[in-house]
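Have a look at the structure below, then the notes.
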Amino acid sequence: MNLILKKDELNTLLTAWRQDYEVYAPQSLQKFTHFLPLQDGAEPAFNKAHNTRVPPKALFLPTSEALLKFTRFGGYEQVPTETAPRLIFGIRPCDAHAVTMLDTVFEQERYTDPHWQARREATVTIGLGCHEPCQTGFCTTVGSGPFNHAGLDAILTDLGEFYLVETLTEQGGRLFSQLDAASEMQAAQAYELQQAAQAGMPIAFETEGLKQKLDQNFVSPYWEEVSRSCLSCGVCTFLCPTCFCFDIVDETQRNERVRNWDSCMFRTYSLEASGHNPRPSRVERTRQRLSHKFTYWVDQINQIGCTGCGRCVRYCPVGLDIRAMLRKANQLPSEVAHA
Amino acid sequence: MPDLDALKAEAKRVLDEGIVEIVIGFKAGDTPLHPQPAFFRSAAEVDQLVYGALCQNNLATYLTRQPKTQKIGMLVRGCENRSINALAFEGQHARENLYLIGIPCEGIIDWRKIVEQTGEEVISVVEQSDNTILVEAMSGYYTLEKASVLHESCARCIHPNPVSADVVIGEPLPEGNPAMAREKVEAFAGLPTQERTAWFRQEAERCIRCYACREACPMCYCEECFVDHITPRWTESGTTPAGMQGWHIVRAFHQTGRCTSCGACERACPMDIKMTYLTEKLNDDMRQKYGFEVGMDPTVPPPFSTVTLDDKSRFVI
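The structure is reproduced here in structure tokens:
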């Protein structure tokens, strides 16, 4: 269903939604944007084609959260998850797509994460398509796109004076039920813009056969070459919308068992109690990060574990670019001769 | 700007003559704002070498990641050279294994400031001879004053020249004014306690604990950082206020008498957290109380790394 939302009516709509939902939208925090609950009089801050600095996965998997609270004499209580209805407004398609991929991790048949599930069920997501190409993103390369619908209840296309709203679920339809239908011309205009945006995001590397190349070159000087300048910090993984690794720690002074984000790029991530570390250097860690996204995830759910948001490229302190790394991987030999 | 051809020629020479096994410098990045640290193993590879104000890393951070016996050549600016001297004092490498190709530094550009000023995606950046930069962005060109996009640490840099390089390419620059560094420290110190606390909390509590600041810092080379230590645990590892404040304050204190004010920590931070206001205060204390400046003279030990029998505080021995 295509509807028309005038930009000057957006705030009225956001205010109305706030009766029923806690509305999260990108807002300026220092010099970048962050998904925060909208307060009275605040407006969403949309940077030109720029995503929020921290991906909205943090709204479902907080950087730190208490899972259990210990009680005296060896008992414990589960910490309940906030499940007040939430609405995320202005999430970019790459980030929304990423959340659906994380569902396959946290909502598996036998192992469902109650915290993740509760937050997911309580949340409606309204996306904003990217009509201006972004330089570090590569969504179209990895099966997403600037107007991808995955994980969204509705998606907006910015047409200057107004947004064209495409409702994608029943819930999305209800939220915009007051709006007028778009004319055929407006719908055509939006379609054209979406096509242009798609075309503005050229293919950054070849994904066909990439998994096989990485599999076959598990042992290869390639990994040393692409990881040489890596600092082994956690920027790429923490800002990644599909990275989900966590570490569970007991904060005994607060009687809490806490789940914190963790990163495969950290030395301590794979350090074993014996002192042995199967991924002792940035070479093995880089291989893990790339292989997880471009081979293991393909094995598991037949999807590349990356939606091309480009944060890892933009914020890497040493300018490492996963696109260039994978272009190099495209050049690797297909069959490795075994001695 | 140093002559790129002269830099390349020197890097090639030391590789060709076997003086070093590798040269650590920069090569063009895959995105216009991020030249990458690069490791050149042969004269042929050196053709890729680039140098400019967007080269934002302190290359000395790679020194402790290379084998100690390796003969290493490195491009060094004032801060990098001083970091190397500080590392030498701490026994992290042997100076005779290093060949330092010095560059008088005109300051590093904070790429975030370019994005902030243009407000859009950047396609290319060209440094021009009149202290401006020409930025090509999606919708057109911008000419920006270089001074307006310098990283803050560089704007108040005191020692832009390499202090103990084996060769210096380019003319030495005038030393910076220590009063500029002081100004910043005094302005912060002059704030009421509550405001300083609020500032510290606001900065520290934005942290996501990715440790890019630690990894970018040449002086943070501990095999096991205090935050990773498990028995005993020194601080919370999560993003609680206690954990984030604990990290930022202890990280800063570990830099006392070791930080060269290069600002690599801030440039690496994905959350734009200010950190040098803490280390600058410590550096200022070192200057005022002990007359000590990190890495200026490799033979002078940092005050907190020495002990003498007549020390007036007897708690150490």
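Chains as they are written, first to last, in numbering that gives the first Met the number 0: chain A, 0 to 338; chain B, 0 to 316. Cβ coordinates follow ideal geometry from the N, Cα and C atoms, glycine included.
Taking A:T14 as reference, the option from A:F59, A:F105, A:L4 and A:A41 with the minimal CA-CA separation is A:A41. In terms of CA proximity to B:G245, B:W233 leads the group B:G256, B:W233, B:Q254 and B:T255.
Listed as beta-bridge partners of B:D129 by DSSP are no residues whatsoever. Inclusion of B:H33 and B:L6 in the CB contact set at 9 Å is not warranted, their separation being larger than that value.
In terms of Cα proximity to A:V234, the closest of A:K6, A:L37, A:R52 and A:P43 is A:R52.
The beta carbon of B:N160 sits closer than 8 Å to those of G77, G101, P103, C104, V167, P171, L172 and E174, all from its chain and outside the five residues before and after it, given in chain order. Taking the CA atoms as reference points, A:C232 sits about 40 Å from A:E165.
With a contact defined as Cβ atoms closer than 8 Å, B:Q69 and B:E20 qualify at about 6 Å. For A:S228, the chain B residues whose Cβ falls inside 8 Å of its Cβ are Q35, P36, A37, F38 and Y61, in order along the chain. Residues of the stretch 209 to 233 of chain B that bring their beta carbon within less than 7 Å of a beta carbon in chain A comprise C209, Y210, A211, E214, A215 and D227, in sequence order. A:T285 and A:C229 do touch by the CB rule: their CB atoms are close to 6 Å apart, below 8 Å. Sequence-ordered contacts of the stretch 317 to 328 of chain A with chain B read V317, G318, L319, D320, R322 and A323 [C-beta pairs closer than 8 Å].
Taking CB atoms only, A:K68 has no neighbour in chain B less than 9 Å away.
Contact annotation: in the stretch 55 to 88 of chain B, residues whose CB is within less than 9 Å of a CB in chain A are Q55, N56, T60, Y61 and R64. Of A:T251, A:F217, A:Y268 and A:R310, the smallest CA-CA separation from A:S290 is found for A:F217.
Non-local beta-carbon contacts of B:T238 in its own chain, meaning distances under 7 Å to residues more than five positions away in sequence, involve C206, I207 and R208 in chain order. A:L37 and B:Y210 have their alpha carbons spaced roughly 30 Å apart.
Listed in chain order, the non-local C-beta contacts of A:V141 below 8 Å within the same chain comprise T206, I303, C305, T306 and G307, local neighbours out to five positions each way being set aside. Under a 10 Å Cβ-count criterion, A:Q252 is classified as exposed, with fewer than 16 other Cβ atoms of the shown protein chains found around its own Cβ. In this chain, the alpha helix (DSSP H) harbouring A:A328 covers I321 to N329. Sixteen is the threshold: since fewer than 16 other Cβ atoms of the shown chains lie within 10 Å of the Cβ of B:M0, the residue is exposed. Counting only residues of its own chain and dropping the five nearest sequence neighbours on each side, A:R322 has a CB closer than 8 Å to the CB of F137, T140, A203, F204 and V312.
Closer than 9 Å to the CB of A:N259 there is at least one CB belonging to chain B.
In this structure, A:P279 keeps its C-beta atom at 9 Å or more from the C-beta atom of A:E271.
With 16 or more other Cβ atoms inside 10 Å of its own Cβ, A:M100 counts as buried. Counting of Cβ neighbours within 10 angstroms places A:G274 among the exposed residues, the total staying below 16.
With a threshold of 16 other beta carbon atoms within 10 Å, A:S27 falls short and is exposed. Take the alpha-carbon of A:P43 and the one of B:K288: they are about 49 Å apart.
Within the stretch 171 to 203 of chain B, no residue has its Cβ closer than 7 Å to any Cβ of chain A. In this structure, B:G189 lies away from B:K145, with their beta-carbon atoms at least 9 Å apart. Just measuring C-alpha positions, the residue of A:T267, A:W260 and A:E334 sitting nearest A:T62 is A:W260. Pairing A:Q215 with A:L331, the inter-Cα distance amounts to about 9 Å. Among the residues facing chain A, B:R257 is not included, as its CB has no counterpart in that chain under 9 Å away. Neighbours of A:T62 in chain B, taken as residues whose beta carbon is under 8 Å from its own, are I207, R208, G237 and T238 in chain order. In this structure A:E64 is not in contact with B:E235, their Cβ atoms being roughly 13 Å apart against a cut-off of 8 Å. Taking a contact to require three or more Cβ pairs closer than 8 Å, the stretch 143 to 161 of chain A and the stretch 84 to 99 of chain A qualify as touching.
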